[in-house]
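Chains as they are written, first to last, in my numbering: chain A, 71 to 468; chain B, 153 to 348.
Right, one structure below, let's go through it.
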């Protein structure tokens, strides 16, 4: 692992720190990763708004934005400029201070959560022993921000949206954290760097040891992705914003740059939680095949991140919004039981490590898959309420 | 037996993925017409706001409108305003002095066209009507409303053909009636109201 490219960013940082006077080195060493994270992910936000609009367009057989610059690539610039110069309207009866603080409270904790994500080999801002705990603690603060926004706007739609958001985020926090626990159980550590480290290497020389290639890891990845979609308020779980019902929920009374900050916070949250999913189940910055290990690890992390972003765009272009009762039923009658089953399967996987007869790997796989498939089918059917879905029949019109 | 849960989502994802890939290589999927650069061919049956038809080269003399004010009276939102032309002696001329039509009020119902006995008012298809002044700019005067019969033939070919044929027939009948002065006491049939 002595490729020149691999540790380029880390070396650059070390060199920059050494250029400073010794008294300031500690501060500079802390500031450089922070500045890098803010710059990189804010530009990724700009890029994603464009990708999302172009991608959604293509998913719906449209062209998407194509007027600003060649193929519309300058659209984020135009959007940003528009947001910056728009009038900032605050309702007369609003709680001005809270109204102002809410967008800030949305963005700052999300940025904090990036501190513990390992973006590449040795490329992590802070390696906490309880990194995943810090991530969830910081990430959960956005719920407060949403409620601050909804309450301070003094608008019924805002408050309704905020209530919905709180109900949804708290419900889905449970499956999100419990599905992440499986990876913690497997790695035996709460540190995200250690969790990535536990996924190094290859089975039989070609299949990466990512958790996603185990039955519990695969189920965990799916459950985590679903919960992450709900947690980041994206379609099909965007009922807090439901444009057709409550206009934009907690965003109704926001305009201009505060509105942009909310969107920045939402997208940053989506990237952060995708990054966590990659770290927990998809091997973090590890290369998928041994032959491609010369590619810098950061590139792999961001390649996987773009995969996640595209998945979210794809889901948004496909699925309609859920109703609140469907959302709650899905969370408590399907996600939570499945996550608990998944925890059990992880334990089974852990205790069958000692199997050493021939074909033991296959047997472990089968047992895990069966233990998950049974509850999945049963819970899925139960969620449908025994109703049969088929072509609609008519009394008279046939 | 229901299909396994979650299958519908996968099917939907496949469908949108097919859209995504298809929109890049299959032009039939991308139906977008990039409007200011490209235009769809004009539709013959389209209509939005009325205009006045004139025959011949002069938009003032050739106006078919005789200022009978039937359309003004029938117009449901009352967006038409007509003043009859009178000569120096106060004798009414068969001509409008003022014919204003407020297209900010007009609801494109086509009733004026249906009631006009002279085929003088027809529906236009021009849709690029944005104006910098939302009051005066949208109040069309006689000069703005008057358009030649050729224009009518171009935008509504089939309908214009019928109207031309009917007007020709009426003119021939009027000439035939005028030639033999005392052929019969039978009065000529009044001109049929144009059913548009």
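Every residue, glycine too, gets a C-beta built ideally from N, C-alpha and C.
6 Å Cβ shell around residue i - same chain, five flanking residues per side excluded
i                      : result
residue 126 of chain A : 387
residue 224 of chain B : 232 and 234
residue 208 of chain B : 214
residue 182 of chain B : 175
residue 348 of chain B : The predicted position of residue 348 of chain B is uncertain, since its pLDDT is 48 and thus under 50; no value can be drawn from it.
residue 115 of chain A : 334 and 337
residue 299 of chain B : 203
residue 255 of chain A : 416
residue 367 of chain A : 190, 191 and 355
residue 163 of chain A : 224
Burial state of residue i, where buried means 16 or more other Cβ atoms lie within 10 Å
i                      : result
residue 124 of chain A : buried
residue 350 of chain B : In the structure displayed, chain B extends from 153 to 348; residue 350 of chain B sits before or after that span and is not available.
residue 379 of chain A : buried
residue 241 of chain A : buried
residue 137 of chain A : exposed
residue 297 of chain A : buried
residue 167 of chain B : exposed
residue 464 of chain A : exposed
residue 71 of chain A  : Below a pLDDT of 50, predicted positions are generally treated as unreliable, and residue 71 of chain A, at 46, falls in that range; the measurement from the model is reported next regardless. So residue 71 of chain A counts as exposed.
residue 217 of chain B : buried
residue 146 of chain A : buried
residue 185 of chain B : exposed
residue 293 of chain B : exposed
residue 239 of chain A : buried
residue 191 of chain A : buried
residue 275 of chain B : buried
residue 310 of chain B : exposed
residue 408 of chain A : buried
residue 189 of chain B : exposed
residue 91 of chain A  : exposed
residue 198 of chain B : exposed
residue 77 of chain A  : buried
residue 312 of chain B : buried
residue 427 of chain A : exposed
residue 466 of chain A : exposed
residue 156 of chain B : exposed
residue 425 of chain A : exposed
residue 345 of chain A : buried
residue 128 of chain A : buried
residue 184 of chain A : buried
residue 161 of chain B : exposed
Same chain, Cβ closer than 7 Å to residue i, neighbours up to 5 away in sequence not counted
i                      : result
residue 326 of chain A : 153, 156, 157 and 158
residue 118 of chain A : 337 and 379
residue 277 of chain A : 283
residue 218 of chain A : 168, 171, 172 and 175
residue 239 of chain B : 245
residue 371 of chain A : 189, 190, 348, 354 and 355
Own chain, CB closer than 8 Å to residue i, minus 5 neighbours either side, in chain order
i                      : result
residue 195 of chain B : 277
residue 88 of chain A  : 95
residue 435 of chain A : 284 and 285
residue 399 of chain A : 453
residue 347 of chain A : 291, 294, 295, 298 and 378
residue 120 of chain A : 135, 142, 143, 145 and 146
Given a limit of 7 Å on CB to CB distance, which residues of the segment 383-411 of chain A reach chain B? 384, 387, 388 and 389
Touch check for the segment 353-368 of chain A and the segment 269-278 of chain A: three-plus C-beta pairs under 8 Å? yes
With contact counted as at least three CB pairs below 8 Å, one residue from each stretch, are the segment 301-317 of chain A and the segment 192-202 of chain A in contact? no
What are the residues of the segment 169-180 of chain B that lie near chain A, defined by any Cβ-Cβ distance shorter than 8 Å? Taking a C-beta cut-off of 8 Å against chain A, the contacting residues of the segment 169-180 of chain B are 169, 171, 172, 174, 175 and 176, listed in chain order.
Short-range partners of chain B found in the segment 273-291 of chain A, where Cβ spacing is below 9 Å: Flagged: no residues at all.
Every unbroken beta strand (DSSP E) within the segment 184-242 of chain B, with a cutoff of 3 residues, ordered by chain: 202-206 and 232-238
Give, in chain order, every residue of the segment 414-444 of chain A whose Cβ lies closer than 8 Å to some Cβ of chain B. none
Counting Cβ pairs closer than 8 Å, one from the segment 314-323 of chain A and one from the segment 230-250 of chain A, do we hit at least three? yes
Against chain B: residues of the segment 113-137 of chain A by CB proximity under 7 Å: So the close ones are 128, 129, 130, 131, 132 and 133.
Stretch pair the segment 288-295 of chain A + the segment 412-426 of chain A: three plus CB contacts closer than 8 Å: Yes, they touch.
Closer than 8 Å is the cut-off here; do at least three beta carbon pairs connect the segment 404-412 of chain A with the segment 440-455 of chain A? yes
Residue ranges of each alpha helix (DSSP H) run of no fewer than 4 residues wholly in the segment 125-211 of chain A, ordered along the chain? 145-155, 166-183 and 201-209
So within the segment 97-125 of chain A, which uninterrupted beta strand (DSSP E) runs reach at least 3 residues, ignoring any that extend past its ends? Those beta strand (DSSP E) runs which fall completely within the segment 97-125 of chain A and span 3+ residues do not exist here.
To be precise: take each residue of the segment 285-299 of chain B, compare its Cβ to all Cβ atoms of chain A, and keep it if any distance is under 8 Å. Which residues remain? The segment 285-299 of chain B vs chain A, Cβ under 8 Å: nothing.
Which runs of the alpha helix (DSSP H) at least 4 residues long sit entirely within the segment 256-302 of chain A? Give them in chain order. 262-267 and 285-301
Mind listing which residues of the segment 180-195 of chain B have their C-beta closer than 9 Å to chain A's C-betas, in chain order? 181, 182, 183, 184 and 186
Return the chain-ordered ranges of every alpha helix (DSSP H) run that is complete within the segment 254-289 of chain B and spans a minimum of 4 residues. 263-267
I'd like the ranges of any alpha helix (DSSP H) spanning at least 4 consecutive residues and lying wholly in the segment 398-460 of chain A. 406-421 and 430-453
For the segment 161-191 of chain A, list every residue whose C-beta sits within 7 Å of some C-beta in chain B, in sequence order. none
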